[in-house]
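Undergrad: For reference, the structure I am asking about is given below.
Chains as they are written, first to last, in my numbering: chain C, -18 to 79; chain W, -18 to 79; chain G, 25 to 170; chain V, 25 to 170; chain U, 206 to 324; chain D, 206 to 324.
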């Protein structure tokens, strides 16, 4: 399945809830304010680095650019809107962690 | 000064940010989904119990009732809308932790 | 316009697994109430419906809500009515309950009649582990969250 | 109705301390942009204005924002213009910066001309400790947050 | 004491407008004066005359209009926030007026307290 | 692949509607079909014809209407959510129609994927 996270991991619990729930073989796409979870040098970096071994973690490039950030944790893939669509083709169901 | 917190401490960082910022002699009023921070048997109980020594912590009764909860931590005062008004009379400025 | 754009779809015989995932507290925002409206409608479509309550969503089922003083519509009773709509699975995440000091006794009772068991009355609310819910989630066709 | 209800208030000579407290990330929601509109208006009223950026609000000042691909209005440049409106205090909480791995070099530069110092150009963005901001907050007359 | 109220969220979706309403009523009952309620961000939706809640629910738009009429409260909808959200004169409910953001600063200056309700 | 889209938040205030729009465009460009976009909760505000954003900003209501016209997408505003928020026929933008919540369940049944955008 595909998990969508659009909340900052600093402000809300959505990303943590998602990480707790996501199982091996599933994928997570970070969008909107969720992209901050993909960045280096935050308290979430270790968790994300550990998670990418079992889970495909992607981040939406246009949302990174809008926020002026680009230091993405190793193993996290940057995708565009087309890549977002492809992820929803490859995975089902899709759960938005609102 | 008076701090207003209307967010669940489980979902958002607002209550924690407020506790970090609130200084001795100030007051905190928990309203709306913020009232969950006033309850016993949560991970926030110890922090709140420690804080009430220096800070007056109140919780809005109508919002507790709406959510069917009433096990309020010792030292936390339950107030109604009139008590809310009184708090804003006694304290200035008022900051809403949205 | 309506002649050109398709506004009806053939769904005869389709039965999918729908999960309604509730993660938000009631009353502070409208999501819990409006999600419930979605659930009630979907019951009419004979789909395989599961409701999940996790994180602050577990507070939605807290019993004893009294909204008189806030002058908001009290929708707690609607959860109780879900059993009458043949909704038999309201799963509450154990980890979220524990973190909030809640037990199943704190929650509203929802009863449904089990047609596979001579219409015996059974409880619809069940506590499930995070792991069970994670597995169930992957089996769904549609997850609606708010 | 407008004859009965007072719609204008005497504010001649009033100078109050206004703090605009920004705790939310930009672009995911509109609060940052609309707060900035409030700040710009208030500058015209000659009040004692301080902007504070803490929690995810520090991301509002991140430089290098490019909103072309999301097709949203890029308002980063507006922060830079604040100096021209005589806003000389943009305080960024150190603890929030540290948690996000940010330093002042990552932030947009805002320059104002100090009328008390022969109009010398000075930076308006300063990193302040949580404690300094907490003290400053208590001295305010009005705090506007969103 | 003289109050200004700032509401940042729309009706029903967030409790902000409800809480602000109960606060305003309580303040008036205690003899204080609420000079102005300023509706900003999604708060402008509180002035939508077309709002038609279910019969067993509260009518927030009407509650504000009635309270304002009874106690002479100035209900101001921000013109800029209203324009982008489509809250304009055509749909403005009774008791509200549309004006600029300066009205928020003004009430911050004139009132003893400015209290914000939002999300 | 056949898609249904659910939008839970209003325009401008949250990025949800923007992201859903870019997703929908990208899906169509890749040859997929977007059968219906369902506007629920504050999402109904995306259909407000009175919305008038600043000239240097995007016009979300119009963007959706134009995209729907070009690619024959069914834009459905929830009647119940719209009523309480005052989004009714009088202000309904071109390209949108108002209907019941059953249209959401229906598209969940008919589409291969239902993707939710919200807050």
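Ideal Cβ positions, reconstructed from N, Cα and C, are used throughout, including at glycine.
Given a cut-off of 8 Å, decide if residue 231(U) and residue 59(W) are closer than it, judged by their beta-carbon atoms.
TA: Residue mapping note: residue 59(W) aligns to position 78 of the second chain, counting from 1. Residue mapping note: residue 231(U) aligns to position 26 of the fifth chain, counting from 1. Not in contact: residue 59(W) and residue 231(U) (Cβ atoms no closer than 8 Å).
Undergrad: Quick one: what does DSSP say residue -11(C) is sitting in, helix, strand or coil?
TA: Counting from one through the first chain, the residue named residue -11(C) turns up at place 8. Three-state DSSP puts residue -11(C) in coil, outside helix and strand.
Undergrad: Please name the residue in 100(V), 68(V), 67(V) whose C-alpha comes closest to that of residue 82(V).
TA: Within the fourth chain, residue 82(V) is the residue found at index 58, counting from 1. Minimum Cα distance to residue 82(V) is reached at 100(V).
Undergrad: In terms of residues, what are the limits of the beta strand (DSSP E) holding residue 76(W)?
TA: For the purposes of this step, residue 76(W) is identified with residue 95 of the second chain, where counting begins at 1. Start and end: 75 to 77.
Undergrad: Out of 278(D), 310(D), 270(D), which has the shortest C-alpha to C-alpha gap to residue 29(G)?
TA: The residue labelled residue 29(G) in the question sits at position 5 within the third chain. Selected option, being the one with the closest Cα: 278(D).
Undergrad: If you measure beta-carbon to beta-carbon, which residues of the stretch 67 to 99 of chain G are closer than 8 Å to chain D?
TA: Those would be 68, 69, 71, in chain order.
Undergrad: Following the continuous alpha helix (DSSP H) through residue 59(G), name the residue where it begins and the one where it ends.
TA: By 1-based counting over the third chain, the position of residue 59(G) is 35. 55 to 67 is the extent of the alpha helix (DSSP H) around residue 59(G).
Undergrad: Can you look up residue 18(C) in the DSSP assignment and give me helix, strand or coil?
TA: One-based indexing of the first chain puts residue 18(C) at position 37. The answer is helix: DSSP assigns residue 18(C) an H, G or I state.
Undergrad: Take every Cβ of the stretch 222 to 238 of chain D, pair it with every Cβ of the stretch 261 to 275 of chain U, and state whether three or more of those distances are shorter than 8 Å.
TA: No contact exists between the stretch 222 to 238 of chain D and the stretch 261 to 275 of chain U.
Undergrad: According to a CB-to-CB cut-off of less than 8 Å, which residues of the stretch 251 to 273 of chain D neighbour chain U?
TA: The stretch 251 to 273 of chain D vs chain U, Cβ under 8 Å: 253, 254, 255, 256, 257, 258, 259, 262, 266.
Undergrad: For residue 71(V), does the count of other Cβ atoms within 10 angstroms reach 16, so buried, or fall short, so exposed?
TA: Mapped onto the fourth chain, residue 71(V) falls at position 47. Buried.
Undergrad: Using the Cα positions of residue 73(C) and residue 158(V), report the straight-line distance between them to the nearest angstrom.
TA: Within the first chain, residue 73(C) is the residue found at index 92, counting from 1. Within the fourth chain, residue 158(V) is the residue found at index 134, counting from 1. The straight-line gap from Cα to Cα measures roughly 47 Å.
Undergrad: Starting from the beta carbon of residue 315(U), find every residue of chain V whose beta carbon is closer than 8 Å, and list them in chain order.
TA: For the purposes of this step, residue 315(U) is taken as the residue at position 110 of the fifth chain. Under the 8 Å cutoff, chain V gives 33, 34, 35, 38.
Undergrad: Do you know whose CA, among 96(V), 93(V), 84(V), lies nearest residue 104(V)'s CA?
TA: The sequence position of residue 104(V) within the fourth chain is 80, counting from 1. Taking only the C-alpha atoms, the option nearest residue 104(V) is 84(V).
Undergrad: Assuming residue 66(W) is part of the alpha helix (DSSP H), what are its boundary residues?
TA: Along the second chain, one-based indexing puts residue 66(W) at 85. From DSSP, the alpha helix (DSSP H) with residue 66(W) extends over 62 to 71.
Undergrad: Looking at residue 33(G): is its Cβ nearer than 8 Å to the Cβ of residue 315(D)?
TA: What you label residue 33(G) is simply residue 9 of the third chain in a count that begins at 1. What you label residue 315(D) is simply residue 110 of the sixth chain in a count that begins at 1. Going by C-beta atoms, residue 33(G) is nearer than 8 Å to residue 315(D).
Undergrad: Can you give me the Cβ contacts of residue 215(U) inside the same chain, cut-off strictly under 8 Å, excluding the 5 residues immediately before and after it?
TA: In the fifth chain, the residue the question calls residue 215(U) occupies position 10. Contacts found: 222, 247, 248, 249, 250, 251.
Undergrad: Ignoring anything shorter than 3 residues or poking outside the stretch 78 to 122 of chain V, list the beta strand (DSSP E) runs there in chain order.
TA: 114 to 117, all fully within the stretch 78 to 122 of chain V.
Undergrad: If the cut is a Cβ gap below 9 Å, which residues of chain V does residue 44(C) touch?
TA: As a first step, residue 44(C) must be located in the first chain, where it is residue number 63. Correct list: 51, 52, 93, 94.
Undergrad: Any beta carbon from chain U within less than 8 Å of residue 282(D)'s own beta carbon?
TA: Mapped onto the sixth chain, residue 282(D) falls at position 77. Not an interface residue.
Undergrad: Let me make sure I understand the geometry here. Which of 155(V), 44(V), 132(V), 48(V) has the alpha-carbon closest to that of residue 147(V)?
TA: Within the fourth chain, residue 147(V) is the residue found at index 123, counting from 1. It is 132(V) whose Cα lies nearest to the Cα of residue 147(V).
Undergrad: Identify each residue in the stretch 8 to 36 of chain C for which the Cβ-Cβ distance to at least one residue of chain W is less than 9 Å, and report them in chain order.
TA: Those would be none; no residue qualifies.
Undergrad: Is there contact here, the stretch 5 to 13 of chain C with the stretch 32 to 43 of chain C, by at least three beta-carbon pairs under 8 Å?
TA: A contact exists between the stretch 5 to 13 of chain C and the stretch 32 to 43 of chain C.
Undergrad: Run through DSSP, which three-state label would residue 251(D) get?
TA: As a first step, residue 251(D) is located in the sixth chain; it is residue number 46 there, counting from the start. Of the three classes helix, strand and coil, the one that applies to residue 251(D) here is helix, per DSSP.
Undergrad: Along the chain, where does the beta strand (DSSP E) that runs through residue 46(V) open and close?
TA: Stepping through the fourth chain from its first residue, residue 46(V) is reached at position 22. First-last of the beta strand (DSSP E) with residue 46(V): 41 to 46.
Undergrad: Under the rule that 16 or more other beta-carbon atoms within 10 Å means buried, what is residue 53(G), buried or exposed?
TA: Residue numbering aside, residue 53(G) sits at position 29 when the third chain is read from its first letter. Buried: at least 16 other Cβ atoms inside 10 Å.
Undergrad: Which of the three DSSP states, helix, strand or coil, is assigned to residue -18(W)?
TA: Here residue -18(W) refers to the residue found at position 1 of the second chain. If DSSP states are grouped into helix, strand and coil, residue -18(W) belongs with coil.
Undergrad: For a cutoff of 8 Å on Cβ pairs, would you count residue 223(U) as touching chain G?
TA: As a working mapping, residue 223(U) is identified with position 18 in the fifth chain. Yes, contact with chain G.
Undergrad: Roughly how many angstroms lie between the CA atoms of residue 306(U) and residue 210(U), to the nearest whole one?
TA: The count along the fifth chain starts at 1 and reaches residue 306(U) at position 101. The count along the fifth chain starts at 1 and reaches residue 210(U) at position 5. C-alpha separation (whole angstroms): 13 Å.
Undergrad: With DSSP collapsed to three states, give me the class of residue 168(G).
TA: On the third chain, position 144 is the one that residue 168(G) refers to. Three-state DSSP puts residue 168(G) in a strand.
Undergrad: Is it right to say residue 127(V) is buried, meaning 16 or more other beta carbons lie within 10 angstroms of its own, or is it exposed?
TA: Within the fourth chain, numbered from 1, the residue matching residue 127(V) stands at position 103. Result: exposed.
Undergrad: For a contact meaning CB atoms closer than 8 Å, what does residue 219(D) contact in chain B?
TA: In the displayed structure, chain B is absent; the protein chains listed are C, W, G, V, U and D.
Undergrad: Residue 72(V) bridges to which residues according to DSSP?
TA: Residue mapping note: residue 72(V) aligns to position 48 of the fourth chain, counting from 1. Looking at the DSSP assignment, residue 72(V) forms a beta bridge with 41(V).
Undergrad: Determine the burial state of residue 143(V): buried for a count of at least 16 other Cβ atoms within 10 Å of its Cβ, exposed for fewer.
TA: What you label residue 143(V) is simply residue 119 of the fourth chain in a count that begins at 1. Burial call: exposed.
Undergrad: Check whether the stretch 38 to 46 of chain V and the stretch 159 to 166 of chain V touch, using three or more Cβ-Cβ pairs below 8 Å as the test.
TA: Yes, the stretch 38 to 46 of chain V touches the stretch 159 to 166 of chain V.
Undergrad: I'd like to check one pair, residue 296(D) with residue 288(U): are the Cβ atoms closer than 8 Å?
TA: By 1-based counting over the fifth chain, the position of residue 288(U) is 83. By 1-based counting over the sixth chain, the position of residue 296(D) is 91. Cβ atoms of residue 288(U) and residue 296(D): not closer than 8 Å.
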